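Numbering-wise (full-length UniProt numbering), the sequence shown opens with residue 1 and increments by one.
The C-beta atom is built at its ideal place from N, Cα and C for all residues, glycine as well.
Model, not experiment: these values are computed from the prediction.
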Amino acid sequence: MNITDNYVEFFALADWGGQFFYPFTTSIQRNIADFINEYSYKNNVHFNLGIGDNFYQIGVQDVNDTRFKDTFEDVYVYNNTPWYFVLGNHDYYGNPQAQIDYTEISKRWILPDYFYNVHVNINQGKTKFIYFLMIDTILLCYRKSIKDEFGNEYMIKQKDESIDYFEKLENDLKNSKDYPYVIIVSHYPIWSVSKHGPTHCLVEKLRPLLHKYNVNAFFAGHDHDMQHFADTLKNSTIDYIITGATNTPSYDMSNIYNVPNDTLKFYWSDKNQTEGAFTLVKADLISMNISFLKMNGDEIYKINIKNKAFKPSSKSNFIGSSRLFTLICLFLIFFLEHN
Numbered sequence: 001m002n003i004t005d006n007y008v009e010f011f012a013l014a015d016w017g018g019q020f021f022y023p024f025t026t027s028i029q030r031n032i033a034d035f036i037n038e039y040s041y042k043n044n045v046h047f048n049l050g051i052g053d054n055f056y057q058i059g060v061q062d063v064n065d066t067r068f069k070d071t072f073e074d075v076y077v078y079n080n081t082p083w084y085f086v087l088g089n090h091d092y093y094g095n096p097q098a099q100i101d102y103t104e105i106s107k108r109w110i111l112p113d114y115f116y117n118v119h120v121n122i123n124q125g126k127t128k129f130i131y132f133l134m135i136d137t138i139l140l141c142y143r144k145s146i147k148d149e150f151g152n153e154y155m156i157k158q159k160d161e162s163i164d165y166f167e168k169l170e171n172d173l174k175n176s177k178d179y180p181y182v183i184i185v186s187h188y189p190i191w192s193v194s195k196h197g198p199t200h201c202l203v204e205k206l207r208p209l210l211h212k213y214n215v216n217a218f219f220a221g222h223d224h225d226m227q228h229f230a231d232t233l234k235n236s237t238i239d240y241i242i243t244g245a246t247n248t249p250s251y252d253m254s255n256i257y258n259v260p261n262d263t264l265k266f267y268w269s270d271k272n273q274t275e276g277a278f279t280l281v282k283a284d285l286i287s288m289n290i291s292f293l294k295m296n297g298d299e300i301y302k303i304n305i306k307n308k309a310f311k312p313s314s315k316s317n318f319i320g321s322s323r324l325f326t327l328i329c330l331f332l333i334f335f336l337e338h339n
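Written out as structure tokens, the structure is:
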């Protein structure tokens, strides 16, 4: 994706997928969508991220399913902004391939495969900027079948069951080294203090890879709240973000003792389930600002992630400037004492 500006701005929403009965949306989803639509019209939002559970409760059945229109097209109505999606567990309770195939029908819906990468370049496409790895954590963790909260089992159909997805991810991470920002987009979180807790297969297999290649951030959902973790492993600190309060928020901290000490930096959800929240990201070559916003746009939390490759000035220039400043101060002191 090539952008003419020297910055990038986008929204990130997980678990946004309305409801499976009329009107196929929730009031919280519509209120957040109204803010996104208006903000996108007034500002230059470049794209959005849809981070799984795109259609509650049982996904969609085919590309002609009316849920595409009722829950997405007629809700997020600003047509100039593309959306990049990943699949969530509820999407597997229907036909996940239909969401991939819908990419060929909608101008805004982008989900070309279960795993894919998005390369964002700025300055008229001349400068490499963000490398997104859009991953399917259902395939990473389950492979054969998945069960819903009622114990119903859904078989997972794969084009090629021999694929080692973790090996593929490592190869993609190796190819990301020239980008100032590397971001993983996944429905399942690695860490969570809420209902579902940490995703153990990702903690064991994916987390070491992410820290090995020093990625900047990991965006997820699954739990219906807003969470931020700063997790350090092997001298690499990654910001883990959950942005799942976009549709049906749920307050739950039952797994607070199942995450590493001091990693949780922020938690929010509405106990009354009447207020939602979502994420707005603004990034330039110096840093990436991640804002948690309520439905009306009020900021409740902010994260600043530095571009790990950015070097504002060399040490020698800093030392030289400091010495010059010291000489000027000494000269002024001498001048004042002798006049």
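Exercise. What alpha helix (DSSP H) runs, 4 residues minimum, are completely inside the region 16-97?
Worked result: Taken in chain order, the whole alpha helix (DSSP H) runs of length 4 or more contained in the region 16-97 are 27-42.
Exercise. Can you give, in chain order, each stretch of the beta strand (DSSP E) that sits fully within the region 247-309 and has at least 3 residues?
Worked result: The DSSP assignment places 264-268, 277-283, 287-294, 299-306 as complete runs of the beta strand (DSSP E) inside the region 247-309, in order along the chain (cut-off: 3 residues).
Exercise. For A277 versus K294, is the C-beta spacing smaller than 7 Å?
Worked result: Result yes, Cβ atoms of A277 and K294 sit closer than 7 Å.
Problem set entry | Whole-angstrom C-beta distance between I58 and G94, which should lie under 8 Å | About 5 Å; that satisfies the 8 Å criterion.
Problem set entry | Spatially closest choice to Y240 from D252, H211, L87, F85, by CA coordinates | Residue H211 is the option with its Cα nearest to Y240.
Problem set entry | Residue from V120, K144, S254 with nearest C-alpha to M134 | Of the residues V120, K144, S254, the one whose Cα lies closest to the Cα of M134 is V120.
Exercise. Three or more C-beta pairs closer than 8 Å, one from the region 87-103 and one from the region 45-53: is that the case here?
Worked result: Yes, since at least three Cβ pairs between the region 87-103 and the region 45-53 fall closer than 8 Å, the two stretches touch.
For this session: Would you kindly work out how many angstroms separate the C-alpha atoms of F245 and Y251, rounded to a whole number?
Result: The sequence shown places Ala at residue 245, not Phe. A245 and Y251: Cα-Cα distance of roughly 9 Å.
For this session: To the nearest angstrom, report how far apart Y84 and F115 are at their CA atoms.
Result: Within the model, the alpha-carbon separation for Y84 versus F115 is close to 12 Å.
Problem set entry | Where Y165 sits in the DSSP three-state scheme | Assignment of Y165 by DSSP, reduced to helix, strand and coil, places it in the helix class.
Problem set entry | Of the listed residues P260, P249, W191, K271, nearest to I28 (C-alpha basis) | Of P260, P249, W191, K271, the residue nearest in Cα terms is P249.
Exercise. What first and last residue would you give for the beta strand (DSSP E) that runs through T237?
Worked result: If you look at T237, you'll find it in the beta strand (DSSP E) that goes 236-243.
For this session: Could you give the DSSP three-state label for I146: helix, strand or coil?
Result: I146: strand per DSSP, three-state reduction.
Problem set entry | Strand pairing of V8, partner residues [DSSP] | Partner(s): A283.
Exercise. Taking C-beta to C-beta, are T71 and S40 nearer than 7 Å?
Worked result: Cβ atoms of T71 and S40: not closer than 7 Å.
Problem set entry | Straight-line Cα distance separating N175 from N214 | Note on geometry: alpha-carbon atoms of N214 and N175 lie some 13 Å from one another.
For this session: For N216, count neighbouring C-beta atoms within 10 Å of its own C-beta (all shown protein chains included) and say buried if the count is 16 or more, exposed if not.
Result: Buried is the call here.
For this session: Kindly give me the distance between the Cβ atoms of K247 and D15, rounded to whole angstroms, as I take these residues to be in contact under 8 Å.
Result: Looking at the sequence shown, residue 247 is not Lys but Asn. About 6 Å; that satisfies the 8 Å criterion.
Exercise. Looking at I105 and T63, is the spacing between their C-beta atoms short of 7 Å?
Worked result: The residue asked about is misnamed: residue 63 is Val in this sequence, not Thr. A distance below 7 Å separates the beta carbons of V63 and I105.
Problem set entry | L202, DSSP secondary structure in three states | Three-state DSSP puts L202 in a helix.
For this session: Give the C-beta separation of P189 and D223 to the nearest angstrom, bearing in mind that I take them to be a contact with Cβ-Cβ under 8 Å.
Result: About 7 Å; that satisfies the 8 Å criterion.
Exercise. Going straight from the alpha carbon of I286 to that of N304, what length do you get?
Worked result: Their backbone Cα atoms lie some 10 Å apart in a straight line.
Exercise. From G197 to Y7, what distance separates their C-alpha atoms?
Worked result: Near 34 Å, if we compare the C-alpha coordinates of Y7 and G197.
Exercise. Looking at the structure shown, is Y102 part of a helix, part of a strand, or coil, going by DSSP?
Worked result: Correct three-state label for Y102: helix.
Problem set entry | Rounded separation between E275 and N261 - CA only | Here the alpha carbon of E275 sits roughly 29 Å from the alpha carbon of N261.
For this session: Kindly indicate which three-state DSSP category K128 falls into: helix, strand or coil?
Result: Strand.
Exercise. If we count the other Cβ atoms within 10 Å of its Cβ and call it buried at 16 or more, is K208 buried or exposed?
Worked result: According to the sequence provided, residue 208 is Pro. The question's Lys does not apply to it. By the neighbour-count rule (16 or more Cβ atoms within 10 Å), P208 is not buried but exposed.
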